Amino acid sequence: MAVQGILTVIKFVVIAIAILVLGLITSWIDRKVTARIQARVGPPWFQPIADILKLLGKETLVPEGAGRNVFLYAPVIGLAGMALAAALLGNALISPEVGFVGDVVVLVYLLVIPAIALIIGASASGNPMAAVGASREMKLILGYELPYLIVIATVIYKTGFTLKLGDIVETQALDGWNLWSISGVIGFFILLLSAQAKLGLVPFDIPEADQELMGGVITEYSGPPLALIRITKTMLLAVLPLLMVTLLMGGVQFEGLSILWGFLKYLVIVVLIVLIRNTNPRVRIDQALKFFWGPVTALSIIAFILAYWGL
Amino acid sequence: MSLTRWALKKSPWVYHVALSPCNNCDIEILDLLTPRFDVERFGIKLVGSPRHADALLVSGSVNRHVLPRFIELYKQTAKPCVVFGIGSCALSMTMFRDSYNTVGPLDKVVKEIDPNAIIAYVPGCPPKPEAMILGVVKALQTL
């Protein structure tokens, strides 16, 4: 029993690291595609790794008047939540039969932890820019979580009340992708927009807003804590498209060439995210909140009703 | 060569510091960061906070008014960091040399805060963006 437990832990760690590597590749694709859109050459392939390694080798500065422990532990908590979420999702994809009823719900909770950790860390840093960033991040979470949860509820309803990621994948293998229905398409776009907001990318990079808030929530972070935040963001960049593939596009099968097919689905979502990021200006926080609570939530409710009618 | 040193060379994040310049160098620095010159090839990225910066792009002859701010800012930057003096003013104070309010040059000011600081210069009035790229890349190779 104990041996099995240790093996599970090792498996989880390996999966989390694999997701981190996938995130690093995705992050490079993001920057390269952005560069090509702007008619540039773009960074070399090792750029995301170099960024993180460099930050790990730098000095950690704690600002005067900051809550030292909270400030330094917040990124660690964020990374812990993120790594656990990544391991849970990766585990469900690799071996759908393992897992437990309700891991979708656990995953949804775990995915909020990085954002909350950032808010706590920013509030502890004692910087007015970070405080404004934290307040915006809080409002943004309130905004995007509502439609996001309604869409996940829709997916759960469509697959016959399965609360297990593995079962959602298997149901889609039998009945076809959740995407191939009106409610599925609506859900896809809502998840895409929420992913944009969760990742803090333009048009919803309001909490970090480089030009007005100097980095916002991460203003005071330097060195290794900033590296941890970068790692968390990188993993999130891999986990959110993977979650969309799992919920709507039939997951990833790890047999021979189907891995490539799975990676292609993943890549389509990533490129869509990058395209949205590069063709939109930043919105104000009130506009973002109105957008998410108004049309997007209305659409997600319509998607749920359509799913109820079997469309 | 250690891994973090290599990473530092490959991803210098820059923070733009204007210490009483005439703005020509600043315009050239902003030109440098446009897609046309594509400094992301070298991993160079403009950051909004000195806490994230590895290189401070300083322009202008330093005067009394900005000196305390610069000292504060240099202390806020996470070490190791490189200070780049962009333009002839940061290098030699040019025509502001005998001015009553000038306390520069940059290297004297920086050495007073931190004797082990790494300082590099890009001369020119103002230097071309190409010259700045060359200067930054050359300076990083000597690290």
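Heads up: the sequence lines are chains A and B, in that order. For the first sequence, this note's numbering begins at 1492 and goes up steadily by one. For the second sequence, this note's numbering begins at 7 and goes up steadily by one. In this text, a Cβ means the ideal position worked out from N, Cα and C, and glycines have one as well. Here the structure is a predicted model, which is why all the values come from computation and not from measurement.
- In the three-state reduction of the DSSP assignment, W19/B falls in the strand class, which pools E and B.
- The alpha-carbon separation between G1496/A and E1555/A amounts to approximately 43 Å.
- Sorting K114/B, L36/B and P18/B by C-alpha distance to the C-alpha of V88/B places P18/B at the top.
- For a Cβ distance threshold of 7 Å, residue set L1544, K1545, L1547 and G1548 of chain A lies close to T10/B, ordered along the chain.
- Secondary structure note for F90/B: its beta strand (DSSP E) is the uninterrupted segment V88 to I92.
- L62/B is bridged by DSSP to Y21/B and V89/B.
- Per DSSP, the unbroken alpha helix (DSSP H) holding V1660/A starts and ends at L1656 to D1666.
- A straight line joining the alpha-carbon of S1518/A with that of L1575/A spans about 20 Å.
- L1498/A is classed as exposed because its beta carbon has fewer than 16 other beta carbons within 10 Å across all chains shown.
- Put simply, the backbone Cα of S67/B is about 20 Å away from that of P121/B.
- Here G1747/A is exposed, its C-beta having fewer than 16 other C-beta atoms within 10 Å.
- By the 16-neighbour rule on beta-carbons within 10 angstroms, D104/B is exposed.
- Beta-bridge partners assigned by DSSP to A126/B: F90/B.
- In the structure shown, K51/B adopts extended strand secondary structure according to DSSP, grouped into three states.
- For H22/B, the nearest beta carbon of chain A is not closer than 9 Å to its own beta carbon.
- The Cβ atoms of S1616/A and F1795/A do not sit closer than 9 Å to each other.
- A distance below 7 Å between beta-carbons, with the five flanking residues on each side excluded, links F1562/A to the following residues of its chain, in chain order: V1553, G1612, A1615 and S1616.
- The segment 1619-1634 of chain A makes contact with the segment 1686-1698 of chain A, as at least three CB pairs between them are under 8 Å.
- Straight-line spacing of the CA atoms in I1677/A and F1652/A works out to 19 Å.
- Rounded to whole angstroms, the separation of the alpha carbons of I1543/A and K1549/A is 10 Å.
- For the pair of segments examined, the segment 18-32 of chain B was found not to touch the segment 1782-1800 of chain A: the number of CB pairs separated by less than 8 Å stays below three.
- Counting only Cβ-Cβ distances below 7 Å, H71/B has no contacts in chain A at all, with the closest Cβ about 22 Å away.
- Taken through DSSP and simplified to helix, strand or coil, N30/B comes out as helix.
- Look at the segment 1692-1726 of chain A: the residues with a C-beta under 8 Å from a C-beta of chain B are D1701, Q1702, L1704, M1705, G1706, I1709, T1710, E1711, Y1712, S1713, G1714 and L1717.
- When the five nearest sequence neighbours on each side are left out, the beta carbons in the same chain lying within less than 6 Å of the beta carbon of Y1757/A are those of P1732 and V1736, in order along the chain.
- One thing to note: F48/B has its Cβ no nearer than 9 Å to the Cβ of V64/B.
- Per DSSP, the beta bridge partners of T108/B are N69/B.
- With contact defined as three or more Cβ pairs closer than 8 Å, the segment 1563-1571 of chain A and the segment 1721-1729 of chain A are in contact.
- Assignment of D120/B by DSSP, reduced to helix, strand and coil, places it in the coil class.
- Following the DSSP letters along the chain, one finds A1608/A inside the alpha helix (DSSP H) bounded by residues D1594 to A1615.
- Per the coordinates, the alpha-carbon of D37/B lies some 33 Å from the alpha-carbon of A1686/A.
- Neighbours of F1537/A in chain B, taken as residues at a C-beta separation under 8 Å, are given in chain order as K16.
- Chain B has a Cβ within less than 9 Å of the Cβ of P1534/A.
- Close to Q1529/A, with beta-carbon spacing below 8 Å, are these residues of chain B in chain order: P41.
- For Q147/B, the nearest beta carbon of chain A is not closer than 9 Å to its own beta carbon.
- Annotation: D60/B to V20/B spans about 6 Å, alpha carbon to alpha carbon.
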